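Novice: Numbering (UniProt numbering), first residue to last: 1 to 69.
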């Protein structure tokens, strides 16, 4: 059965389809931002943990992040 037979106009169906695509794209963007934030937080955590371990154990070389330092 087509959209006109269901009592839904073609324009409303197209508008709804466009709205659903925009919502799906917005969800993807939010997911990517969330993954970026989690990754960045993990990197900051690792860097701070490494610096604390270097100070506590008197390590002068933290190879994970500062190879060239």
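All residues carry an ideal CB built from backbone N, CA and C; glycine is no exception. Fair warning: this is a prediction, and the values are worked out from it, not measured in the lab.
Leaving out the 5 sequence neighbours to the left and right, which residues in its chain are closer than 8 Å to residue 28 when beta-carbon positions are compared?
Specialist: Translated into positions along the chain shown, residue 28 becomes position 28. Result list for residue 28: empty, nothing under 8 Å.
Novice: From residue 37 to residue 58, what distance separates their C-alpha atoms?
Specialist: Residue 37 sits at position 37 when you count from the first residue of the chain shown. Residue 58 sits at position 58 when you count from the first residue of the chain shown. C-alpha separation (whole angstroms): 31 Å.
Novice: Just the Cα atoms here: how many angstroms apart are residue 53 and residue 23?
Specialist: For the purposes of this step, residue 53 is taken as residue 53 along the chain shown, with counting starting at 1. For the purposes of this step, residue 23 is taken as residue 23 along the chain shown, with counting starting at 1. If you take the alpha carbons of residue 53 and residue 23, they lie about 45 Å apart.
Novice: Suppose the cutoff is 6 Å on Cβ atoms and the five residues either side in sequence are ignored; what does the same chain contact list for residue 43 look like?
Specialist: As a working note, residue 43 is residue 43 in the chain shown. Cβ neighbours of residue 43 beyond the five flanking positions: none.
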